[in-house]
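S.K.: Encoded as structure tokens, here's the structure I'll be asking about.
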């Protein structure tokens, strides 16, 4: 088992400017669920910035960043009924996650003032490789 | 439309200066984007948008890694231990001619590859995209 962490910080004003400048960016970066969750809330851009930071934090924990064929919407930050965020993966990111033997991903998000921050923890258990055996232990 | 390499370099330099707030004299061909110029992923979105506006070519953030990996699968590009394989290094030598392949053989973590990506490498990618767009 291995534990990897990732963290990312985003300036909310920067995210706001980019979203204003590039009309298509909102759908390129965020799923419809994320846009719906954040768009209807106060400081929606701050919440979107935190979700972008969370996506980047997850990709950093995988050690890939935004890799080949990956889309930002392949990492979705889903908000539970009590506000706890969780991660749903799709497409190439899900494929990379499977190859890494991901067992669990947890994220934490926050934003205040002009800063949004997120960290991610990825627990992996690499798939067994043919011919490899677990080291023996604990014999009495 | 034909765009000279100097024009592409100027457009890249201008995008980096504006997006990253770095001085123009820091934007030299050998400077690495993520290391020397300290670009983050949101910076890349900004840089690529500025290049789209100035040169008319759309490049996605994931295209940078795609360009570097050259269509080689993750399994072939790196070893199970996460080190760039000989196949991966041969690909890197094509798109990042500045790297010393022999020095890196067997010791370059795959997750460190994008940290080697320089201004010149970005200029080459943009130049290829501009050329492809002009030929289409």
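Chains as they are written, first to last, in UniProt numbering: chain A, 1 to 140; chain B, 1 to 136. C-beta: ideal position from N, C-alpha, C; glycine also. It should be emphasised that the depicted structure is a prediction, and the values quoted were computed from it without experimental measurement.
Using a Cβ-Cβ distance under 7 Å, would residue 20/B count as near chain A?
M.R.: For the purposes of this step, residue 20/B is identified with residue 20 of the second chain, where counting begins at 1. Answer no: the Cβ-Cβ gap between residue 20/B and chain A never drops below 7 Å.
S.K.: With 7 Å set as the bound, which would you pick, yes or no: does the beta-carbon of residue 68/A sit closer than that to a beta-carbon of chain B?
M.R.: Along the first chain, one-based indexing puts residue 68/A at 68. True, the Cβ-Cβ gap to chain B drops below 7 Å.
S.K.: Comparing alpha-carbon positions, which option in 84/A, 90/A and 13/A lies nearest residue 43/A?
M.R.: For the purposes of this step, residue 43/A is taken as residue 43 along the first chain, with counting starting at 1. If we check each option's Cα against that of residue 43/A, 13/A comes out closest.
S.K.: Of all the alpha helix (DSSP H) runs that stay within the bounds of the UniProt domain "Carrier" (6–91) of chain B, which reach a length of 4 or more residues?
M.R.: Qualifying alpha helix (DSSP H) stretches, in chain order: 41–55, 61–69 and 74–77.
S.K.: Just the C-alpha distance for residue 97/A and residue 70/A, rounded to the nearest angstrom, thanks.
M.R.: Mapped onto the first chain, residue 97/A falls at position 97. Mapped onto the first chain, residue 70/A falls at position 70. Distance between the alpha carbons of residue 97/A and residue 70/A is about 12 Å.
S.K.: Using the three-state DSSP reduction, which class does residue 107/B fall into: helix, strand or coil?
M.R.: As a first step, residue 107/B is located in the second chain; it is residue number 107 there, counting from the start. In the structure shown, residue 107/B sits in coil (DSSP, three-state: anything other than H, G, I, E or B).
S.K.: Does the beta-carbon distance from residue 45/A to residue 15/A come in below 7 Å?
M.R.: Position 45 of the first chain, counted from the first residue, corresponds to residue 45/A. Position 15 of the first chain, counted from the first residue, corresponds to residue 15/A. Yes, they are a contact pair.
S.K.: Considering just the uninterrupted stretch of the beta strand (DSSP E) at residue 95/A, what are its terminal residues?
M.R.: Indexing the first chain from 1 puts residue 95/A at position 95. From DSSP, residue 95/A is part of no beta strand (DSSP E) but of the alpha helix (DSSP H) over 91–100.
S.K.: Given a threshold of 16 other Cβ atoms within 10 Å of its Cβ, counted over all protein chains shown, does residue 8/B qualify as buried or as exposed?
M.R.: Counted from its first residue, the second chain places residue 8/B at position 8. The residue is buried, with at least 16 neighbouring Cβ atoms inside 10 Å.
S.K.: I need the DSSP call for residue 135/A, collapsed to helix, strand or coil.
M.R.: In the first chain, counting from the first residue as 1, residue 135/A sits at position 135. Any reading at residue 135/A must be qualified, since the residue scores a pLDDT of 45, below 50, and its modelled position is unreliable; the value itself is stated next. Correct three-state label for residue 135/A: coil.
S.K.: Does any heavy atom of the ligand ATP sit closer than 6 Å to the C-beta of residue 78/B?
M.R.: Absence of the ligand ATP from the depicted structure is noted, as is the absence of any ligand whatsoever, leaving it without description.
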